Amino acid sequence: MTAPGTAPRGYYVPLGADDGWEHLMPTAESVSVWTDTIQHGGPPSALMVRAIENLDMPAHLAMSRVTVDILGAIGLSENRVRAQVIRPGRQIAQVQAELDVQTASGDFRTAARATAWLIATSDTAAVAAPVESPSVPAAGDDTIGELPTWLDAGWGASGFISTVEFRASTDPDRPRLAWLRPAVDIVAGETATPLVRTCCMVDVANGLGSTLSPSEWTWMNTDTTIHLRRAPTGDWTGIDAAMVGGAHGFGYTAADLFDDDGSLGRSSQTILITRAG
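Letter by letter, the sequence shown follows residues 0 to 276 of numbering that gives the first Met the number 0.
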């Protein structure tokens, strides 16, 4: 909650709109753990899903899958975002959002793209798969404000990671499960939906699932795909992630996702693995 008389904190500050584009300025809260000249993947993912949500679509359509492709460095200069319908339909629709970054010349280049499938909702409770679901840990000294071990390199000191509230797993069957929520707005002064907040947090699966040392290796994701079984609820996103590295410079991270109402879906990310330095 923002204190009276102070400006709201967010990953972006709105600058206005023109020709179908919304213009925003990224803040220091959006900065990556890898370098302070680019954004972490979470805020751009959230911003594009927010643009998709703002499309005028039939209310019976729900997002079942979204893929975010990071096409280049997402810089800290002015950003712009827009969304459009690629494939309209009553049962199935495809939508897409594009995020551009302003260059030194004043032009914009596309840095990321999100493509989503929207599916008509119906009552299929009779065939819904049962999944054992952990609960969000209650607030307490032993579960809140305790960062996962992969942050021991000091990544929580600034930037995006410093804005994420963590609760460690209390489930002995899921020791690497972490619950996350953003402590700032996606867009300053605006309350984000659970879907947008979830998409912001899921990019962190890449880090949560790794057992590599950041002093020896870097592991950056080139994309994030989220498959949902229903719409997200609540403030918290549970992520139980595992990274599988290959012998040829790449691998993947897969994660089970949860929220206040239980099992939510799965995510996957392509990982570029390189030696640090």
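We put the CB at the ideal spot given by N, CA and C, even for glycine. Since the model is a prediction, treat every value here as computed from it, not as a measurement.
Quick one: complete alpha helix (DSSP H) runs, 4+ long, within the segment 194-234? With a minimum length of 4 residues, the continuous alpha helix (DSSP H) runs that stay inside the segment 194-234 are 204-207.
Using alpha carbons as the reference points, say which of Glu77, Val67, Leu179 lies closest to Thr36. Working through the sequence shown from its first residue, we reach residue 36 at position 37. Of the candidates Glu77, Val67, Leu179, the one whose C-alpha sits nearest the C-alpha of Thr36 is Glu77.
Tell me the DSSP bridge mates of Ser262? In the sequence shown, residue 262 corresponds to position 263, counting from 1. DSSP lists Phe257 as the beta-bridge partner residues of Ser262.
8 angstroms contact criterion, which Pro133 and Leu176 should meet: CB distance rounded: Reading the sequence shown from its first residue, position 134 is the one you call residue 133. Reading the sequence shown from its first residue, position 177 is the one you call residue 176. 6 angstroms between Cβ atoms; contact.
Give a yes or no on contact between the segment 260-268 and the segment 213-233, applying the rule of three or more CB pairs nearer than 8 angstroms. A contact is defined here as three or more CB-CB pairs under 8 angstroms, and the segment 260-268 meets this definition with respect to the segment 213-233.
Nonlocal neighbours in the same chain, by C-beta distance under 8 angstroms from Ala27, ignoring five residues either side: The sequence position of residue 27 within the sequence shown is 28, counting from 1. The beta carbon of Ala27 is closer than 8 angstroms to those of Ser157, Gly158 in its chain, skipping five residues each way along the sequence.
Residues in the same chain with beta-carbon distance under 7 angstroms from Asp255, minus the five sequence neighbours each way, listed in chain order, please. As a working note, residue 255 is residue 256 in the sequence shown. Excluding residues within five positions, the ones whose Cβ falls inside 7 angstroms are Asp239, Arg265.
What residues match up with Asn78 in a beta bridge as DSSP calls it? Position 79 of the sequence shown, counted from the start, is the residue given in the question as residue 78. DSSP, once it has assigned bridges, lists Leu23, Val100 as partnering Asn78.
Report back the beta-carbon spacing between His39 and Val30 to the nearest angstrom; my notes put them in contact at under 8 angstroms. Your numbering for residue 39 matches position 40 in the sequence shown. Your numbering for residue 30 matches position 31 in the sequence shown. Confirmed, Cβ separation roughly 7 angstroms.
Taking C-beta to C-beta, are Gly9 and Ala187 nearer than 7 angstroms? Numbered from 1 along the sequence shown, position 10 holds the residue referred to as residue 9. Numbered from 1 along the sequence shown, position 188 holds the residue referred to as residue 187. Yes, Cβ-Cβ distance for Gly9 and Ala187 is below 7 angstroms.
Is the separation between the beta-carbon of Ile51 and that of Ala92 shorter than 7 angstroms? Counting from 1 along the sequence shown, the entry for residue 51 is found at position 52. Counting from 1 along the sequence shown, the entry for residue 92 is found at position 93. In this structure, Ala92 does not lie closer than 7 angstroms to Ile51 by Cβ.
Paired residues, beta bridge with Trp178 - DSSP: Along the sequence shown, read from residue 1 onward, the residue named residue 178 stands at position 179. When DSSP reads this structure, Trp178 sits in a beta bridge with Arg166, Gly237.
Give the DSSP-derived three-state secondary structure of Ile272 in the structure shown. The residue you call residue 272 lines up with position 273 of the sequence shown. In this structure, Ile272 counts as strand in the three-state DSSP scheme.
According to DSSP, is Arg49 helix, strand or coil? For the purposes of this step, residue 49 is identified with residue 50 of the sequence shown, where counting begins at 1. Helix at Arg49.
Please state the DSSP three-state secondary structure of Ser161. Your numbering for residue 161 matches position 162 in the sequence shown. Shown here, Ser161 sits in a helix according to DSSP, grouped into three states.
Give me the residue from Asp55, Arg112, Gly71 with the minimum Cα distance to Glu97. As a position in the sequence shown, residue 97 is number 98, starting the count at 1. Taking Glu97 as reference, the option from Asp55, Arg112, Gly71 with the minimal CA-CA separation is Arg112.
Any idea what DSSP makes of Val32, helix, strand or coil? Stepping through the sequence shown from its first residue, residue 32 is reached at position 33. Three-state result, Val32: coil.
Chain-order list of residues whose beta-carbon lies under 6 angstroms from that of Ala45 (same chain, five-residue window excluded): Position 46 of the sequence shown, counting from 1, holds the residue named residue 45. These residues qualify, in order along the chain: Ile185, Val195, Cys198, Cys199.
I need the straight-line Cα distance from Thr34 to Val84, nearest angstrom please. Here residue 34 is taken as the residue at index 35 of the sequence shown, counted from 1. Here residue 84 is taken as the residue at index 85 of the sequence shown, counted from 1. Distance from the CA of Thr34 to the CA of Val84, rounded to the nearest whole angstrom, comes to 34 angstroms.
Where the beta strand (DSSP E) through Gln63 begins and ends: For this step, residue 63 is matched to residue 64 along the sequence shown. One point to set straight first is that residue 63 is Ser, not Gln, in the sequence displayed. 60-69 is the extent of the beta strand (DSSP E) around Ser63.
Would Thr223 and Asp202 be called neighbours here (beta carbons separated by less than 7 angstroms)? Here residue 223 corresponds to residue number 224 of the sequence shown, with the count starting at 1. Here residue 202 corresponds to residue number 203 of the sequence shown, with the count starting at 1. Contact flag set, yes.
For a test of the three-state rule: what should DSSP assign to Ala92, helix, strand or coil? As a first step, residue 92 is located in the sequence shown; it is residue number 93 there, counting from the start. Of the three classes helix, strand and coil, the one that applies to Ala92 here is strand, per DSSP.
Hey, how far is the Cα of Ala103 from the Cα of Ala128? As a working mapping, residue 103 is identified with position 104 in the sequence shown. As a working mapping, residue 128 is identified with position 129 in the sequence shown. One C-alpha to the other measures close to 51 angstroms.
Do you know how far the Cα of Val135 is from the Cα of Asp258? Residue mapping note: residue 258 aligns to position 259 of the sequence shown, counting from 1. Residue mapping note: residue 135 aligns to position 136 of the sequence shown, counting from 1. Each residue's Cα considered, the two are about 8 angstroms apart.
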